[in-house]
Every structure is written in structure tokens, then in C-alpha cells.
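Chains as they are written, first to last, in this note's numbering: chain A, 1 to 192; chain B, 193 to 393.
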Amino acid sequence: MFSDLFVLLFSCILINNILLIQYLGNCPFLGTSKKMETAVGMAMAVVFVLVLAGIITWMVEWYVLVPFDLRYLRTIAFILVIAALVQFVEMFLKKSIPALYTGLGIYLPLITTNCAVLGVCLINIGKEYNFYQMLVSSFAYPVGFGLALVLFAGVRERILLARTPKPFQDTAIGLVTAGMLSLTFFAFKGWM
Amino acid sequence: MARTITQEFTKGLWAEIPPFRLVLGLCPTLAITNTVENAYGMGIAVTFVLTFSNIMISALRQIIPPKVRIVAFIVAIATFVCVVELVMQAYTYGLFMKLGIYIPLIVVNCIPMGRAEAFASRYGVLRSTLDGLGLGIGYTLSLTTLAFFREAIATGAITLYERPIAVFGPAFEPFKFLVEAPGAFICLGLMLGLMNILGRK
């Protein structure tokens, strides 16, 4: 069982990288990758929230929605749970761990609408993961997100110094670069 | 500058066409433009959600307290996403399976949320309806265009209702790269650049 979880960990971080292979969470990816500092902050906030959201939505699904036969309400239930959770985490950090709050604070509200968070929660349910698998995947996917985000921010800081043609500045060249980065992650899949 | 009623509708088709002019809702744009069929299916689903969530939010805009407006918007959008999900599951099961988790993810797609915040919560029902409809159709058009290039170059044909229509001659060597993830990013980046060139005065 342990080796299975280990395989899952690596496949979630590298092979099925949430950002570059499964295309989730691209809006914050392009929005927060202009500076290394914001990229690191966003990555940490996503890991933190997603582990909590993964556990809670998994419990909501299997202990509330399934016994009461309410699975068709999954989308509404999950998004409300995530929105409430993010709000709660924000208040909790502000009161008890102000140092962490100043680090993550401004990224937290953005996470509600980060599709990587809802996406991973839905993947956990869709693939019918048990509790340990769910824990590994909710941790590994955001780590993969963070890895790609930080790598991309590094590349993007260099692009700012390069002379790109005017129509391609900013987002367009960013997407082409993301494509190149995605190609490197793609190699893990052993295409052909 | 006040816009006329028709301009509310047509701005979504060119001047503010998502995702090129409003760079929002990129995740489904990248993920489901691998075939034309997926692209317009997704486009229609988004148009439906966007139009009805705009109507509902603009009708309730006097009642929703500003402090909890984000949550209220999310609930309104999630309701219509649920409707779309159930309808698609019942009538177009094949497409529903292919689009997979991207249907529930319309909830966190920035386009309905962005329009609710920036438009529907400020203007009347008629204008909001036209705004939602226009942007939705614009989104469908751009998804379909992107999907057309990707599918045509990757397979040499466009498959509609399980019937392939050849675009290039038989000598064409399919370039599989474009339907995969890296191709999606690069293709969207190039399209965005192209739109910038065309839109430049």
C-alpha cells in the first residue's frame, strides 16, 4: 500500500501536473507569476488550503451527500464549503498566526475562484480515492502547482528583460513559454 | 460612455471577446478545445450559465447585501451549473463524459463571476441578459475557432457527429502535438498575439 501511495505522489506532482498537463488553475498561474515573491506566496497558500479543502470535501461527500442521496448537489456543496473554508482560514490566521497571515493573506481570497482547488476535490471524488489516497493527492497536486508556478515565475522574470514583439508582450508570450514548460513536464509521461 | 442596447450585445462578439480581450476563463479554453464538438458544447453550456446567472443577479441586485455578494453570486452561478450538469447528463451523455470535470468547474470559471461583479450587479435585467448572451456567444466562437485549428492540424479532419470531414488532402501528415497540453498553450499564445495584431489600430 505504501508503494502505491508513493507512486500516486509522484504521478500527481510530475506526470499529471495539475497546471501544465491538466490545465487547471491557469488564471492565477498567469496572474501571480510575474514576480518570484508572489508566486511563492500563492503556491504556499494553495498547498495550505487544498489539503484542508480536500479532507473536508471528501468527508462531506462520503458522510453527508452519499448517505442522504444528494450527490447531484455536489457542485454547490463543494464550492460553498471551499468559500466558507477560505474565509474561516483567513480569520483564523489573522487572529492566531499573524506572521503567516501577512505572508499568505492577500492570496487567500483569490483561492476560492482558483479552479485547481475545486478541480482536485472533484478528482478525489471522481476517482473514488480512499482517505489516504485522497490525502496524498490533495497534497501532491498543489505541490506540483507550486513547482510549475515557481519555475514559470523564474522564466518570466527573465522574459521581462528580453525584447519581445509588441503584440506578443505579456500574456501571449507567457502562454507560449508555458507551452514550452509544459513540454518538459510532458516528457515524464513517456509520450508515443 | 453610455452604450445602446445593441452595443451591449455586440461588444461580446469583438470588442470584449473572451478569452482574447478579457483574458478570463483560460482553463476550459485550454482543456476542451481539442475537438470542435467539445468546444461548442462547452461554449453553449457557458453561454447558458452566464445568461441566466446574469439575469438572476441583476434581478436580485437590490436585495443582495454588498458584504456577502460574492457568496451570493457563487450560489447563483452554482445553481445554473447544476442545471446544466443534470441536463447534459440526461440528453448528451457522451459529451458530458468527454467534458468531465470541466462542467462543474464552470462555477469557478472567471467569466460568469467577473460579469456578475462588473456588470450584472450594476445594470438592469435587459442589459445584463444581452451582455451575458453576447459574451457567451463570443466565447463559443473563440473556443470553436481555436478548436478548429487544433483539431484540423492535429488530425487533418474535423469530426462532427462521428463523421470526419477532411480539411487537408490525403498527403497531409497529422501533427499530433497540437491536441496535447503543450500545443494548447502555444496555440492559445499565438492566437492571442494574432488578435493583438488584428486589433491594433
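All C-beta atoms, glycine included, are put in the ideal place defined by N, C-alpha and C. All figures in this text were calculated on a predicted structure; none of them were measured in a lab.
Residues near residue i by beta carbon distance below 8 Å, same chain, minus five either side
i, result
"L205/B", "G326, I329, G330, L333"
"L287/B", "E229, N230, G233, M280"
"L352/B", "V228, E229"
"G217/B", "P210, P211, V238, N301, C302, I303, Y331"
"G375/B", "R342, A346, F369"
"V154/A", "The residue asked about is misnamed: residue 154/A is Gly in this sequence, not Val. For G154/A, where only same-chain residues beyond five positions count, the Cβ hits under 8 Å are M36."
"L5/A", "Y132, Q133, V136"
Between the CA atoms of residue j and residue i - distance to the nearest angstrom
i, j, result
"K368/B", "Y63/A", "44 Å"
"V47/A", "F139/A", "6 Å"
"L386/B", "L291/B", "27 Å"
"E309/B", "I269/B", "12 Å"
"R195/B", "K259/B", "29 Å"
"G144/A", "A282/B", "35 Å"
"S313/B", "M248/B", "10 Å"
"Y101/A", "D170/A", "30 Å"
"P366/B", "C219/B", "25 Å"
"T184/A", "I15/A", "10 Å"
"V7/A", "T32/A", "30 Å"
"F68/A", "M59/A", "13 Å"
"F244/B", "V276/B", "11 Å"
"G146/A", "A187/A", "19 Å"
"L222/B", "R253/B", "33 Å"
"L175/A", "N226/B", "17 Å"
"S11/A", "N17/A", "8 Å"
"M1/A", "F78/A", "29 Å"
"I209/B", "V300/B", "19 Å"
"L322/B", "V238/B", "14 Å"
"M192/A", "F265/B", "For M192/A, the predicted structure reports a pLDDT of 41, less than 50, and the residue's modelled location is therefore unreliable. A value from the coordinates is still provided. Their Cα atoms are separated by approximately 44 Å."
"F272/B", "G324/B", "13 Å"
"N130/A", "K203/B", "48 Å"
"T177/A", "K166/A", "16 Å"
"M91/A", "V81/A", "15 Å"
"L118/A", "M305/B", "15 Å"
"M180/A", "I97/A", "39 Å"
"N246/B", "I159/A", "38 Å"
In DSSP terms, what residue i is bridged to
i, result
"R355/B", "L352/B"
Interface flag, residue i vs chain B, CB-CB below 7 Å
i, result
"S182/A", "yes"
"V176/A", "yes"
"N130/A", "no"
"I21/A", "yes"
"F2/A", "no"
"F188/A", "no"
"P167/A", "yes"
"N16/A", "no"
"A172/A", "yes"
"G144/A", "no"
"G154/A", "no"
"L118/A", "yes"
"I55/A", "no"
"L100/A", "no"
Min CB distance residue i to chain A below 7 Å
i, result
"F384/B", "Here residue 384/B is Leu; the residue named in the question, Phe, does not match the sequence. L384/B counts as touching chain A."
"F360/B", "no"
"P211/B", "no"
"I378/B", "yes"
"A270/B", "yes"
"E223/B", "In the sequence as displayed, the identity of residue 223/B is Ala instead of Glu. Answer yes: the Cβ-Cβ gap between A223/B and chain A drops below 7 Å somewhere."
"V299/B", "yes"
"P296/B", "yes"
"A264/B", "no"
"I303/B", "no"
Same chain only: Cβ atoms within 6 Å of residue i, ignoring 5 sequence neighbours per side
i, result
"A84/A", "none"
"N114/A", "G25, P28"
"V51/A", "S138, F139"
"E343/B", "T227, V228, I350"
"R71/A", "L65"
"I13/A", "A140, V143, G144"
"M193/B", "Because the pLDDT of M193/B is 46, which lies under 50, any placement of that residue in the model is unreliable, and the number read from its coordinates should be weighed accordingly. Cβ neighbours of M193/B beyond the five flanking positions: none."
"E200/B", "R319, L322, D323"
"L93/A", "L100, Y101"
"Y107/A", "G41, M42, A45"
Cβ-based neighbour list, residue i, same chain, cut-off 7 Å, excluding 5 preceding and 5 following
i, result
"L110/A", "P28"
"V40/A", "V150"
"L384/B", "F212"
"Y315/B", "S250"
"L224/B", "Here residue 224/B turns out to be Ile, not Leu, going by the sequence shown. For I224/B, where only same-chain residues beyond five positions count, the Cβ hits under 7 Å are N230, A231, M234, L291, Y294."
"G348/B", "A358, V359, F360, F364, P366"
Inset, instruction - Output the residue ranges of the alpha helix (DSSP H) runs that lie fully inside the stretch 58 to 140 of chain A and measure 4 residues or longer, sorted by chain position. - result: Runs of the alpha helix (DSSP H) spanning 4 or more residues and lying entirely within the stretch 58 to 140 of chain A occur at 74 to 96, 98 to 104, 108 to 111, 115 to 126, in chain order.
Inset, instruction - For the stretch 232 to 288 of chain B, list the alpha helix (DSSP H) runs that are entirely contained and at least 4 residues long, ordered along the chain. - result: 261 to 283
Legend entry - Complete runs of the beta strand (DSSP E) confined to the stretch 293 to 344 of chain B [at least 3 residues]: none
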